[in-house]
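**Q**
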Amino acid sequence: GQGAINKKDFKKAIRLRYELMGWNPDNGIPTPAKLIELGLDWLIEEVSR
136 GQGAINKKDF KKAIRLRYEL MGWNPDNGIP TPAKLIELGL DWLIEEVSR
């Protein structure tokens, strides 16, 4: 309907949002660099599984 976004544009927007937040754009999980920045480096191994 009117105002709806198509699926391709939505996925593109989600990827951009993830990248801007320092998250992996493929799975939405924070990158190791982002975890270190946040002082959560102890989680790196956990999210790398």
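Each number in this note's numbering corresponds to the 1-based position in the sequence shown with 135 added.
Where is the CB? At the ideal position from N, CA and C, for every residue including glycine.
Does the beta-carbon of residue 173 have 16 or more other beta-carbons within 10 angstroms, so that it is buried, or is it exposed?
**A** Exposed, by the Cβ-count rule.
**Q** Let me make sure I understand the geometry here. Which of 160, 144, 142, 137 has the alpha-carbon closest to that of residue 150?
**A** Of the listed residues, the one whose Cα sits closest to residue 150 is 160.
**Q** By the DSSP assignment, the alpha helix (DSSP H) with residue 160 in it spans what residues?
**A** Note, residue 160: premise wrong, no alpha helix (DSSP H); not H, not E.
**Q** Could you check the C-alpha separation between residue 253 and residue 156 for me, to the nearest Å?
**A** Any answer about residue 253 is impossible in this case: the structure gives the chain only from 136 up to 184.
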